[in-house]
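Student: The following block contains the structure, expressed as structure tokens.
Number of protein chains: 2
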Amino acid sequence: SSRRLKLRISYERLARLHPADIADILEELSRDEQRSLIEALDHETAAQIISEIPTSMQAQLLESIPVEKAADIVDEMPPDEAADVLQELPPETSAKLLADMEKEDAQEVKELLGFEEDTAGALMTTHYIALDGSATVENVIEAMKQFEGPIESIHSVYLVDAEEHLVGAVPLARILLAPANTPLQALSVEEVRSVQTDTDAKTVIDLFRKYNLLALPVVDDKNHLVGLVTADDVLDLVVRRR
Amino acid sequence: SSRRLKLRISYERLARLHPADIADILEELSRDEQRSLIEALDHETAAQIISEIPTSMQAQLLESIPVEKAADIVDEMPPDEAADVLQELPPETSAKLLADMEKEDAQEVKELLGFEEDTAGALMTTHYIALDGSATVENVIEAMKQFEGPIESIHSVYLVDAEEHLVGAVPLARILLAPANTPLQALSVEEVRSVQTDTDAKTVIDLFRKYNLLALPVVDDKNHLVGLVTADDVLDLVVRRR
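Note that the protein sequences, when read in sequence, are chains S and D. Note that our numbering gives residue 233 to position 233 of the first sequence, counting from 1, and the numbers run on in steps of one. The number in our numbering is simply the position in the second sequence, starting from 1, with 242 added.
Structure representation (structure tokens):
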């Protein structure tokens with residue numbers, strides 16, 4: 001049928017499209033076609049694409065494929081996205097997926113599931129780079145090479161002390177201009193703004209607007225760095241609330 | 243009076259505050275106090291603070307101080323902010339200010355004034371870094387040192403050909419990881435998304451959401467790079483529209 005043909009053409013071109021564009025195509029397919037498309041992709045690509053569709057559709061799709069495959073995909077999703085979809089799934093499915101995920105990823109996601117909706121904790125991602133203040137430009141490069149997400153999403157590096165307390169932040173632009181052996185604490189911004197995990201979404205939005213932020217570190221009640229709220233998620237939140 | 247005393251204390255602490263926080267204080271002062279505070283600050287600091295208050299208050303304040311001082315301050319404002327406030331002022335005042343500004347800055351602002359409200363052209367800033375694709379990491383560092391705005395606001399460098407056509411974009415993270423002599427075109431993202439100056443604000447917002455953008459280049463009808471819409475301005479726009 002012409003429908004099949006369309007899908008076959010898409011396969012060949014998919015690799016060249018942005019995940020958000022593939023997600024647009026995915027949304028127009030039938031349930032069966034969606035499932036075969038997702039099952040045909042590698043986990044990482046599938047995770048990128050699923051991250052771009054509405055949470056309710058994510059849940060339907062993940063429920064329709066074998067749990068091992070679904071767990072592999074959720075493993076590769078940004079932890080905040082993974083937590084959102086697990087919250088949407090029936091508790092048994094959610095538990096099965098968590099049991100099948102990599103231990104460390106499952107742990108990260110479980111912690112995110114503990115935060116109340118519309119708080120900084122529920123909004124944040126746990127993918128960020130935190131280093132000791134004595135770390136140098138070279139250490140940043142090393143950390144970026146080991147970063148789990150796309151390196152293009154890194155715009156600042158956060159500084160923590162030996163107990164993981166947030167003590168500073170360094171924009172990449174400053175790192176690029178500094179000699180390779182400069183300790184990061186010498187490059188830190190004058191004042192790092194942060195919020196606690198239970199800070200409400202409205203306060204987060206207000207801070208982003210007031211200080212023109214691209215990212216806002218999130219700390220627990222002992223000022224340990226635990227996450228990062230990013231501008232793209234804040235924009236989504238504001239648009240959804242309109 | 244206690245009011246005067248409060249203002250005097252503020253002066254001493256002002257330098258340590260974020261411009262957005264000084265702007266909050268400014269908004270609570272009387273007109274006279276606002277004027278003397280702004281006149282006491284250097285142009286650059288005054289411009290940073292004025293950029294953080296509502297446009298109508300910016301206009302009132304700039305009308306209340308000598309035109310030469312006002313022109314010096316508008317000179318230091320981001321071009322898109324400067325255009326917004328000039329649009330709010332009576333045409334004669336606006337014309338006087340433009341006549342008193344540095345020629346190059348006035349020219350930039352005049353071009354921005356030509357764009358219809360709620361289009362990419364009216365939303366964009368003209369502060370960005372554009373280089374030839376054969377430029378290297380070292381050339382980026384040089385350009386950043388000469389950048390007019392705060393370097394922390396740079397997250398990507400744009401690539402243009404000899405006729406200023408937009409041909410690529412390189413996130414700072416990629417530049418940081420690349421050897422110093424790498425030509426930028428080897429680091430460019432696969433596909434640069436851009437909009438034309440007359441693209442409506444809704445489309446701009448949709449693109450930011452769909453592709454999780456932090457910045458979106460703006461081109462004229464011949465694909466010449468002419469500006470950049472940034473995520474903070476898009477967030478402001480969405481909040482204002484609610």
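No residue lacks a Cβ here, since even glycine has one placed at the ideal position from N, Cα and C.
Step through the CB atoms of chain S and report whether any lies within less than 9 Å of the CB of residue 425/D.
Tutor: Output row for residue 425/D: interface = no.
Student: With C-beta atoms as the reference, is residue 80/S less than 9 Å away from residue 124/S?
Tutor: Yes, these two residues count as a Cβ contact at 9 Å.
Student: Any idea what DSSP makes of residue 60/S, helix, strand or coil?
Tutor: Residue 60/S: helix per DSSP, three-state reduction.
Student: Measure the Cβ-Cβ separation of residue 138/S and residue 180/S and say whether it is below 9 Å.
Tutor: Cβ atoms of residue 138/S and residue 180/S: closer than 9 Å.
Student: Pairing CB atoms from the segment 455 to 466 of chain D with CB atoms from the segment 427 to 441 of chain D, are three or more of them under 8 Å?
Tutor: The segment 455 to 466 of chain D vs the segment 427 to 441 of chain D: in contact.
Student: To the nearest whole angstrom, what separates the beta carbons of residue 351/D and residue 328/D, a pair I think is in contact under 8 Å?
Tutor: Their Cβ separation, rounded to whole angstroms, is 6 Å, which keeps residue 351/D and residue 328/D in contact under 8 Å.
Student: Can you tell me whether residue 443/D is helix, strand or coil according to DSSP?
Tutor: Looking at residue 443/D - three-state DSSP - the assignment turns out to be helix.
Student: In angstroms with no decimal places, state the Cα-to-Cα distance between residue 2/S and residue 386/D.
Tutor: Residue placement at residue 2/S is flagged as unreliable, the pLDDT there being 48, under the threshold of 50; the coordinate-derived value follows with that caveat. Answer to the nearest angstrom: the Cα atoms are 52 Å apart.
Student: Quick one: is residue 2/S near chain D, going by C-beta distance under 9 Å?
Tutor: Only weak support is given to the placement of residue 2/S: the predicted model assigns it a pLDDT of 48, under 50, and the value that follows is read from those uncertain coordinates. Not one chain D Cβ lies under 9 Å of residue 2/S.
Student: What does a CB cutoff of less than 8 Å around residue 94/S pick up in its chain, not counting 5 residues either side in sequence?
Tutor: Closer than 8 Å at Cβ, skipping near neighbours: 86, 87.
Student: Nearest-angstrom Cα distance between residue 529/D and residue 431/D?
Tutor: No answer is possible for residue 529/D: the residues shown for chain D start at 243 and end at 484.
Student: Residues of chain D with CB under 7 Å from residue 173/S, in chain order?
Tutor: The answer, in chain order, is 386, 393, 394, 396, 414.
Student: Can you give me, in chain order, the residues of the segment 436 to 448 of chain D that have a beta carbon less than 8 Å from any beta carbon in chain S?
Tutor: Answer in chain order: 447.
Student: Out of 47/S, 42/S, 193/S, 105/S, point me to the one whose CA is closest to residue 214/S's CA.
Tutor: Residue 214/S has its Cα closest to that of 193/S, out of 47/S, 42/S, 193/S, 105/S.
Student: Which residues, taken in chain order from the segment 40 to 64 of chain S, show a beta carbon closer than 9 Å to some beta carbon of chain D?
Tutor: Residues 52.
Student: Just to confirm, are residue 61/S and residue 35/S a CB contact at a threshold of 9 Å?
Tutor: Cβ atoms of residue 61/S and residue 35/S: closer than 9 Å.
Student: For residue 475/D, which three-state DSSP category applies?
Tutor: Residue 475/D: helix per DSSP, three-state reduction.
Student: Identify every run of the beta strand (DSSP E) within the segment 368 to 400 of chain D, keeping only runs that are complete inside it and at least 3 residues long; order them along the chain.
Tutor: Here the runs fully enclosed are 372 to 374.
Student: Check this for me: beta carbons of residue 228/S and residue 158/S, under 9 Å apart or not?
Tutor: Contact flag set, yes.
Student: Going by DSSP, name the residue or residues bridged to residue 228/S.
Tutor: BP columns for residue 228/S point to 125/S, 217/S.
Student: What does residue 383/D reach in chain S if we use C-beta pairs closer than 8 Å?
Tutor: Within chain S, the residues near residue 383/D are 176, 177.
Student: Within a Cβ cutoff of 8 Å, which residues of the same chain sit near residue 129/S, ignoring the five residues on either side of it in sequence?
Tutor: Excluding residues within five positions, the ones whose Cβ falls inside 8 Å are 140, 143, 144, 147, 154, 157, 158.
Student: Please confirm whether residue 232/S has its beta-carbon closer than 9 Å to some beta-carbon of chain D.
Tutor: Yes, its Cβ sits closer than 9 Å to a Cβ of chain D.
Student: Anything in chain S within Cβ reach of residue 262/D, meaning under 7 Å, just list it in chain order.
Tutor: Here the neighbours are 210, 211.
Student: Taking the alpha-carbon positions, what's the residue 177/S to residue 68/S distance?
Tutor: Each residue's Cα considered, the two are about 46 Å apart.
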